[in-house]
């Protein structure tokens with residue numbers, strides 16, 4: 506009986522720790538801005554994992570055609586060779602965020618010093634190319650833990666989450682993505698997308714059309730934060 510209770514207790518603790526790490530909206534380790542509490546029908550679009558030399562231009566083209574702005578959380582090691590894309594983002598009114606330099610699956614396991622160096626390297630490269638301050642941060646894979654929380658606090662970043670995860674990297678049908686958005690859509694929502702998928706441009710167009718039909722206005726993330 507005692508052993509059974511210990512096993513069940515251990516499983517409950519393990520489940521809690523996994524939930525705390527993999528649910529950025531739980532805010533157990535790190536306070537992250539996932540949605541604005543408002544009655545106004547405004548939303549913010551965010552894109553992770555770029556810049557991509559093929560897909561990002563398609564996304565930028567669609568956004569420009571719809572006069573919409575977004576926040577791009579960029580990976581540091583993808584900056585070299587894509588400097589003009591980053592400069593285009595800024596010139597067209599988009600916001601740039603830090604998504605780490607390596608975006609390694611081991612990032613959550615880094616020591617604090619290594620983690621801070623990774624984030625600072627990404628920040629300095631983004632700021633060098635864009636001439637814009639970069640203080641918004643989205644944890645790789647949305648994973649949080651005490652070390653990530655400490656790094657964010659010490660570096661003075663604002664952690665950004667989401668309340669609508671489109672799962673577009675799993676390449677579901679556009680209809681499934683739109684259905685996920687439709688079900689999760691609330692005033693003040695933050696939508697998570699990626700600007701590296703083969704259908705990113707076309708998908709963004711469909712999302713923008715949906716948001717317009719639903720009566721939503723797209724605002725830049727920093728406006729939502731204000």
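Numbering (the working numbering), first residue to last: 506 to 731. For every residue, glycine included, the Cβ atom is placed at its ideal position computed from N, Cα and C. All values derive from a computational prediction rather than experimental measurement.
Exercise. Based on the DSSP secondary-structure assignment, which residues constitute the bridge partners of residue 601?
Worked result: Reading the chain shown from its first residue, position 96 is the one you call residue 601. The partner list for residue 601 (beta bridge, DSSP) reads 577.
Problem set entry | Three-pair Cβ contact test at 8 angstroms for the stretch 627-642 versus the stretch 610-618 | no
For this session: Measure the alpha-carbon distance for residue 586 versus residue 722 and round it to whole angstroms.
Result: Position 81 of the chain shown holds residue 586. Position 217 of the chain shown holds residue 722. Taking the straight line from one Cα to the other gives about 33 angstroms.
Exercise. So which of 707, 727, 598, 714 has the shortest CA-CA distance to residue 676?
Worked result: As a first step, residue 676 must be located in the chain shown, where it is residue number 171. Residue 707 is the option with its Cα nearest to residue 676.
Exercise. From 578, 583, 594, pick the residue whose C-alpha is nearest to that of residue 568; which is it?
Worked result: By one-based count along the chain shown, residue 568 stands at place 63. Ranking 578, 583, 594 by Cα distance to residue 568 puts 594 first.
Problem set entry | Continuous beta strand (DSSP E) assignments of at least 3 residues falling wholly in the stretch 581-636 | 600-603
Exercise. Quick one, which of 559, 589, 690, 662 has its alpha-carbon nearest residue 643's?
Worked result: In the chain shown, counting from the first residue as 1, residue 643 sits at position 138. Closest by alpha carbon: 662.
For this session: Could you name the residues of the same chain whose beta carbon sits closer than 8 angstroms to that of residue 652, not counting the 5 residues immediately before and after it, in chain order?
Result: As a working note, residue 652 is residue 147 in the chain shown. Answer for residue 652: 613, 615, 616, 617, 620, listed in chain order.
Exercise. From what residue to what residue does the beta strand (DSSP E) around residue 653 run?
Worked result: Counting from one through the chain shown, the residue named residue 653 turns up at place 148. Segment 651-660 is the alpha helix (DSSP H) holding residue 653; no beta strand (DSSP E) there.
Problem set entry | At least 3 beta-carbon pairs within less than 8 angstroms: the stretch 686-701 vs the stretch 541-554 | yes
Problem set entry | C-alpha distance - residue 537 paired with residue 604, whole-angstrom precision | Counting from 1 along the chain shown, the entry for residue 537 is found at position 32. Counting from 1 along the chain shown, the entry for residue 604 is found at position 99. Roughly 14 angstroms between the two C-alpha positions.
Exercise. The alpha helix (DSSP H) with residue 716 in it runs from where to where?
Worked result: Counting from one through the chain shown, the residue named residue 716 turns up at place 211. Run containing residue 716: 705-718, per the alpha helix (DSSP H) assignment.
For this session: Using alpha carbons as the reference points, say which of 534, 719, 564, 556 lies closest to residue 683.
Result: Within the chain shown, the letter at position 178 stands for residue 683. When only C-alpha atoms are compared, the closest one is 719.
Exercise. If you draw a straight line from the C-alpha of residue 627 to the C-alpha of residue 688, how long is it?
Worked result: Locating residue 627 in the chain shown gives position 122, where the first residue counts as 1. Locating residue 688 in the chain shown gives position 183, where the first residue counts as 1. When rounded, the distance between both Cα atoms is 34 angstroms.
For this session: Whole angstroms is fine: what's the gap from residue 714's alpha carbon to residue 631's?
Result: The residue labelled residue 714 in the question sits at position 209 within the chain shown. The residue labelled residue 631 in the question sits at position 126 within the chain shown. Approximately 31 angstroms between the Cα atoms of the pair.
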